[in-house]
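Presented below is the structure to which this report refers.
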Amino acid sequence: MVYLDNSATAPPLSAAIKEVSRVMRETDWNPSALYRPAIDAERIVSGCREDLKARLGADHVIFTSGGTEADNLAIRGAASRLRKPGTFLFSAAEHAAVLEQQAALEAIGNAVRIIPLTPDGLVDTVALEALLTPGTRLISVMDVSNETGAVQPIPEIIALRNKKCPSAMVFVDAAQSFMRMDRTRRLLASGVDMVSVSAHKVHGPKGVGALALATGRRSKLNPVTFGGGQEDGLRPGTENVAGIAGFHAAMIALDECGFNIVDRLRENKLRFLSILAQSMPDVWINGPSPSSDQAAPHIVNLSTPGIGGEVLVRALEREGVYVGTGSACSSKKKQRSPGFLAMGVQQERADRAIRVSLSPLNTAEDMTQAAAAIVRAHHSIYPYRKR
């Protein structure tokens, strides 16, 4: 089997599975209690928290049930602190966990504006500058597009914020770049106020995520759920000790993999595309040029001529190769995603799109096998396409 849908979820590493099992059997106590076993559980939670703070350069880390909850806490938590409503800017490439908050924000008097994209899927910084005003309260831009792998120009966005609306918060969903790109470590130091990450995107368990906060007055939030006061009152509820332990174990295991993750990912992605181009030179790339600095090392979105993306995904499954169609969270919808619409991708091309997303654990042989499978599937299906 060759699994290339890691942007949807990355299968848990054995180290993470073992640690989750161990903690559930031995140490899965309530970390808020005062007896010794509970103190051991609290040490597991605080150990992962301190590691994340170091990796992200954060002043504070709040554990959540995943990236979606972290995104909601960042945006709704910021909105609830406002003395008066303002404008929230979301890039058109944002995850549904961000875009679907528009109605709730508008219901309490805020305005939401969508930042346009270039045809390559990058935030249009000229359009963004025109949207920024003193009334801008928050700017949300995903670090790396989960759909196209476009690496967003965060430094330029920070510079525009500092120039036009210095009190506005900048929130970055880094679920697709964390532990796969070195830049994630520098986001908060560069002027980003909040960063979200997710355990299952880095080969940890599902059901665990985190929101990292920078130092400063802009990074103050109010809770959006209420309960026992855990996580400094920002995310009440007994912490998922076993899941957090598995998250920590996955990060450590990736550290110890013995190779440069970024270089390995990019080398394997380009190898896959090179092999594919030899037999299918008319493949379209949806997003930035794969070899450019604007393209993530592990994600490529492409369309093949004459064959629908879903048809190709099913054909590849029969060969033991697993890829995604577009964004994992919108793949069952029968229309173009907001990101594709903003890029101007035509419906026919969008319908033919597949997303290939690599893991550091994929090998060169995996890429050869996947490219060959796509070529075989295309050649077997193309003669029978609808005309």
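Numbering (the working numbering), first residue to last: 1332 to 1718. Beta carbons are placed, not taken as given, at the ideal position from N, Cα and C, and that holds for glycine.
CA nearest to the CA of residue i, picked from the options
i	options	result
Asn1493	Gly1564, Ser1521 and Arg1566	Ser1521
Glu1587	Asn1617, Leu1692, Gly1639 and Pro1621	Leu1692
Val1642	Ala1584, Ala1684, Gln1561 and Val1614	Ala1684
Asn1296	Ala1708, Pro1628 and Ser1498	Residue 1296 lies beyond the stretch modelled for the chain, which goes from 1332 to 1718, so this question has no answer here.
Asn1632	Ser1690, Arg1686, Ser1623 and Val1555	Arg1686
Val1526	Ser1623, Ala1461, Val1533 and Ala1506	Ala1506
Ala1701	Leu1544, Met1500, Ile1348 and Leu1607	Leu1607
Asp1513	Ala1341, Leu1604, Leu1596 and Trp1360	Leu1596
Ala1364	Thr1656, Leu1672, Gln1561 and Ala1581	Gln1561
Arg1412	Met1500, Tyr1366 and Cys1379	Met1500
Ser1476	Ser1508, Ser1396, Thr1467 and Leu1469	Ser1508
Glu1515	Arg1707, Arg1367, Val1482 and Ile1638	The question names Glu, but residue 1515 is Thr in the sequence shown. For the residues Arg1707, Arg1367, Val1482 and Ile1638, the minimum Cα distance to Thr1515 belongs to Val1482.
Gly1574	Ala1341, His1391, Pro1368 and Gly1397	Gly1397
Arg1353	Ala1580, Phe1557, Arg1517 and Leu1469	Ala1580
Pro1484	Ala1442, Leu1518, Glu1350 and Gly1417	Leu1518
Glu1350	Tyr1366, Met1582 and Gly1637	Met1582
Rounded C-alpha distance that separates residue i from residue j
i	j	result
Met1674	Arg1511	25 Å
Ile1489	Ser1610	42 Å
Ser1711	Glu1696	22 Å
Val1523	Ser1688	26 Å
Thr1449	Thr1464	21 Å
Lys1415	Val1555	18 Å
Gly1564	Thr1699	50 Å
Gly1618	Gln1625	9 Å
Ser1422	Val1454	7 Å
Glu1648	Ala1703	13 Å
Glu1569	Arg1548	The sequence given here has Thr at residue 1569, not Glu. Near 27 Å, if we compare the C-alpha coordinates of Arg1548 and Thr1569.
Leu1420	Val1654	31 Å
Ala1409	Val1572	27 Å
Met1355	Gly1538	15 Å
Phe1603	Pro1497	43 Å
Pro1567	Ser1471	24 Å
Ala1389	Arg1667	36 Å
His1534	Ser1690	9 Å
Pro1486	Glu1650	42 Å
Ala1347	Ser1377	17 Å
Ser1634	Val1614	6 Å
Thr1479	Ser1623	13 Å
Gly1466	Leu1544	22 Å
Trp1360	Pro1342	26 Å
Asn1591	Phe1394	28 Å
Outcome for residue i when other beta-carbon atoms lying within 10 angstroms are tallied against a minimum of 16
i	result
Gln1677	exposed
Tyr1334	buried
Lys1600	buried
Thr1546	exposed
Ile1370	exposed
Leu1344	buried
Arg1645	exposed
Thr1694	exposed
Gly1536	Note that residue 1536 is Pro in the sequence shown here, rather than Gly. Counting Cβ neighbours within 10 Å, Pro1536 comes out buried, since at least 16 surround it.
Val1457	exposed
Gly1540	buried
Ser1662	Reliability fails at Ser1662, whose pLDDT of 48 lies under 50, so the model's placement of it is uncertain and the value that follows must be treated cautiously. Per the 10 Å Cβ criterion, buried.
Ile1705	buried
Ala1708	buried
Met1332	exposed
Pro1621	buried
Ala1584	buried
Ser1550	buried
Arg1731	Residue 1731 lies beyond the stretch modelled for the chain, which goes from 1332 to 1718, so this question has no answer here.
Nearest-angstrom Cβ-Cβ length linking residue i and residue j, presumed shorter than 8 Å
i	j	result
Ile1375	Phe1502	Actually they do not touch by this definition, with Cβ atoms about 28 Å apart.
Gly1640	Gly1452	Contact doesn't hold; Cβ gap of about 17 Å is too wide.
Met1473	Glu1400	Between Glu1400 and Met1473 the Cβ distance is about 16 Å, and since that is not below 8 Å, they are no contact.
Gly1589	Ala1530	Gly1589 to Ala1530, Cβ: 22 Å. No contact.
Ala1339	Thr1358	About 30 Å; that fails the 8 Å criterion.
Leu1459	Leu1436	At roughly 18 Å, the Cβ-Cβ gap does not stay under 8 Å, so Leu1459 and Leu1436 are not in contact.
is_contact[residue i, chain D] using C-beta, thresh 8 Å
i	result
Gln1483	The question asks about chain D, but that chain is absent: this structure has only one protein chain.
*For the segment 1376-1387 and the segment 1415-1434, state whether three or more C-beta atom pairs, one from each stretch, are separated by less than 8 Å.*
Contact annotation: the segment 1376-1387 does not touch the segment 1415-1434, with fewer than three C-beta pairs closer than 8 Å.
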